[in-house]
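Start counting the sequence shown at 3; every next residue gets the next number (the working numbering). In this text, a Cβ means the ideal position worked out from N, Cα and C, and glycines have one as well. Take a look at the structure below.
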Amino acid sequence: MREGWRTSSFEEVVKFIDYRGKTPQKTEAGLRLITAKNVKMGYLQRNPMEFVDPEIYDTWMTRGIPNKGDVLFTTEAPLGNAAQLDTDEKVVFAQRIIVMQPNREVLDSTFLKYMLLSDLMQERIHEQGTGATVKGIKSQLLKKIQISFPKSLLEQQRIVVILDEAFEGIDRAIANTEKNLANSRELFESYLNAIFTQKGDGWKEKKLGEIGGKVFTGPFGSLLHKSDYVSNGIPIVNPANIENDKIIPNFNKTVSQDIVKRLQAYILKQNDVVVGRRGEIGRCAVVREEQAGWLCGSGSFFIKPFENVDSVFLAHLLRSAVYRNKLESLSTGATMQNLSNQSLSDLVIAMPSLDEQNRITNKIDDLRTETQQLETIYRQKIAALNELKQSILQKAFTGELTADTANQTTKAAQEVNAA
3 MREGWRTSSF
13 EEVVKFIDYR
23 GKTPQKTEAG
33 LRLITAKNVK
43 MGYLQRNPME
53 FVDPEIYDTW
63 MTRGIPNKGD
73 VLFTTEAPLG
83 NAAQLDTDEK
93 VVFAQRIIVM
103 QPNREVLDST
113 FLKYMLLSDL
123 MQERIHEQGT
133 GATVKGIKSQ
143 LLKKIQISFP
153 KSLLEQQRIV
163 VILDEAFEGI
173 DRAIANTEKN
183 LANSRELFES
193 YLNAIFTQKG
203 DGWKEKKLGE
213 IGGKVFTGPF
223 GSLLHKSDYV
233 SNGIPIVNPA
243 NIENDKIIPN
253 FNKTVSQDIV
263 KRLQAYILKQ
273 NDVVVGRRGE
283 IGRCAVVREE
293 QAGWLCGSGS
303 FFIKPFENVD
313 SVFLAHLLRS
323 AVYRNKLESL
333 STGATMQNLS
343 NQSLSDLVIA
353 MPSLDEQNRI
363 TNKIDDLRTE
373 TQQLETIYRQ
383 KIAALNELKQ
393 SILQKAFTGE
403 LTADTANQTT
413 KAAQEVNAA
């Protein structure tokens, strides 16, 4: 053990207030409800903003009242996120959150937060986690985990000051990079929207079912059951399988050849356009050659474009904001939006000649490639900046942190941002 440090279990130096269990009834206004969705790695996110009736406070918060600066820890979905409570106001906690109140005579709250964010502590926590689908940790196991920290509160606070300054520089660089990432996406979306808003000479306006292609609905009702699913069979294409304009199969949720033979009418062919009919409206992708023979899922439509229609152009059109907005206005459902075959078929669209479609598609694809390259660079920068955070935390918990670390970190973050 490092000189001047001590090792204890969580339960020896931290009081746990465990709010896991049921979530209180939500209301339109009232006291702020903090859920696991609000607790991020190192900070509390305001959204989603949810509320509960102030009248329930005394009966709900019987396990303990939190204080500003206490550490909030998520025990499941996600496991291991940690942030400090940022208010003195009354708040209510939902399930999957534990409030950690350190004995402030021996352990600083902010030091505890940084400790929980470190790779070393995350590994210890996840080693004790259980669950095949969603990993979580039991309170009793969490309490037994060993932690190391300086015996001196002044030393803990010295480390916190350095980490605060270092993280401020890194977070500033991350924010700038995330802004650049968002700008690159907005540039592409703006270009896409301009094409389908401004149109051009020779564009014809008609219903999609008359000018674009024939719309088919995937199997529904008793045609396809969850019991029909197998692993490593023929992929099914549902909205969840459409990501970033591509079809991403889930080989744990497929069907057998026998099911495919029974559902011949729903087999996808190359250049079909698959469109999600529920959830995120406008999600669509073109079926590639290697995906021909896959099965349209019950949550999707598939369009068989007419001869004078380019599939990729049609997919770009449906993805554009102007047409997404139109589709959303035609959809129904309070909890989850649903689109009908008739609504999609009756959607009025504008189409140019096939040659013009091909020309526009090439321009869109070129810009998309450039945008994706930029997005890759920005994501790599964000990953590098987060790795820089972990290297600083490692130094903090191995006794290698110096007064100049913050300056060195800020300089390193600026270099990553400028690269």
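Judging by CA-CA distance, which residue of the options is the nearest neighbour of residue i?
{"i": "Phe-151", "options": "Leu-183, Ala-31, Leu-114", "result": "Leu-114"}
{"i": "Val-93", "options": "Leu-109, Leu-81, Thr-132, Met-51", "result": "Met-51"}
{"i": "Asp-20", "options": "Phe-198, Arg-174, Thr-76, Lys-70", "result": "Thr-76"}
{"i": "Glu-91", "options": "Pro-68, Glu-107, Lys-17, Asp-406", "result": "Pro-68"}
{"i": "Gly-211", "options": "Arg-285, Phe-304, Gly-202, Ala-196", "result": "Phe-304"}
{"i": "Ser-229", "options": "Thr-371, Asn-246, Val-289, Ser-258", "result": "Ser-258"}
{"i": "Thr-400", "options": "Val-15, Ser-141, Ile-149", "result": "Ile-149"}
{"i": "Gln-339", "options": "Ser-313, Ser-347, Ala-352, Arg-279", "result": "Arg-279"}
{"i": "Asp-367", "options": "Trp-205, Ile-351, Tyr-193", "result": "Tyr-193"}
{"i": "Val-16", "options": "Glu-170, Ile-197, Lys-146", "result": "Lys-146"}
{"i": "Ile-197", "options": "Glu-5, Thr-371, Met-353, Lys-140", "result": "Met-353"}
{"i": "Glu-377", "options": "Thr-363, Thr-199, Val-108, Leu-189", "result": "Leu-189"}
{"i": "Trp-7", "options": "Ser-154, Ala-134, Pro-104", "result": "Ser-154"}
{"i": "Thr-412", "options": "Phe-169, Thr-25, Ala-96", "result": "Phe-169"}
{"i": "Arg-370", "options": "Thr-64, Ser-186, Ile-249", "result": "Ser-186"}
{"i": "Glu-425", "options": "Arg-321, Gln-359, Thr-29, Lys-206", "result": "With the chain covering 3 to 421 only, the question about residue 425 has no answer from this structure."}
Per DSSP, what kind of secondary structure is residue i in: helix, strand or coil?
{"i": "Asp-20", "result": "strand"}
{"i": "Pro-237", "result": "strand"}
{"i": "Met-43", "result": "coil"}
{"i": "Asn-360", "result": "helix"}
{"i": "Lys-181", "result": "helix"}
{"i": "Val-162", "result": "helix"}
{"i": "Gln-222", "result": "First, the residue type needs correcting, since residue 222 is Phe and not Gln in the sequence shown. Coil."}
{"i": "Thr-29", "result": "strand"}
{"i": "Gln-97", "result": "coil"}
{"i": "Thr-411", "result": "helix"}
{"i": "Phe-253", "result": "coil"}
{"i": "Asn-419", "result": "helix"}
{"i": "Gln-339", "result": "coil"}
{"i": "Gln-103", "result": "strand"}
{"i": "Ser-258", "result": "coil"}
{"i": "Ile-176", "result": "helix"}
{"i": "Ser-347", "result": "helix"}
Determine the contact status of residue i and residue j, defining contact as a CB-CB distance below 8 Å.
{"i": "Lys-209", "j": "Leu-356", "result": "no"}
{"i": "His-128", "j": "Leu-81", "result": "yes"}
{"i": "Lys-255", "j": "Ile-238", "result": "yes"}
{"i": "Leu-395", "j": "Ala-414", "result": "no"}
{"i": "Leu-33", "j": "Ala-84", "result": "no"}
{"i": "Leu-316", "j": "Tyr-325", "result": "no"}
{"i": "Asn-252", "j": "Asn-246", "result": "no"}
{"i": "Ile-99", "j": "Val-54", "result": "no"}
{"i": "Ile-249", "j": "Leu-341", "result": "no"}
Using DSSP's beta-bridge definition, name the partner residues of residue i.
{"i": "Val-324", "result": "None, per the DSSP bridge assignment."}
{"i": "Met-353", "result": "Lys-206"}
{"i": "Phe-113", "result": "Looking at the DSSP assignment, Phe-113 forms no beta bridge with any residue, so it has no partner."}
{"i": "Ala-84", "result": "Phe-75"}
{"i": "Phe-198", "result": "In DSSP, Phe-198 forms no bridge with anything."}
{"i": "Glu-1", "result": "What the structure shows of the chain is the stretch from 3 to 421, and residue 1 is not part of that stretch, so it cannot be assessed."}
{"i": "Pro-307", "result": "Gly-215"}
{"i": "Glu-245", "result": "Lys-248"}
{"i": "Arg-450", "result": "As displayed, the chain neither begins before 3 nor continues past 421, which places residue 450 out of reach and without an answer."}
{"i": "Gly-138", "result": "Glu-78, Thr-132"}
Apart from the five residues on each side of it in sequence, which residues of its chain come closer than 8 Å, Cβ to Cβ, to residue i?
{"i": "Lys-137", "result": "Glu-78, Leu-81, His-128, Gly-131"}
{"i": "Ile-384", "result": "Ile-176, Thr-179, Glu-180, Leu-183"}
{"i": "Ser-345", "result": "Leu-329, Leu-332, Ser-333"}
{"i": "Ser-11", "result": "Lys-145, Lys-146, Ile-147, Gln-148, Ile-149"}
{"i": "Asp-121", "result": "Gln-392, Leu-395, Gln-396"}
Quick check: is the beta carbon of residue i nearer than 8 Å to any beta carbon in chain B?
{"i": "Phe-53", "result": "In the displayed structure, chain B is absent; only one protein chain is listed."}
Who are the near neighbours of residue i in its chain, counting only those whose CB is closer than 7 Å to its CB and skipping five residues on each side?
{"i": "Ala-398", "result": "Tyr-116, Ile-161, Leu-165"}
{"i": "Thr-89", "result": "Lys-70"}
{"i": "Asn-419", "result": "Ala-175, Asn-178, Thr-179, Lys-383"}
Within its chain, find whatever has a CB closer than 6 Å to the CB of residue i; leave out the 5 residues flanking it on each side and keep chain order.
{"i": "Gly-299", "result": "Gly-220, Ile-238, Val-239, Asn-240"}
{"i": "Pro-307", "result": "Gly-215, Ser-313, Leu-316"}
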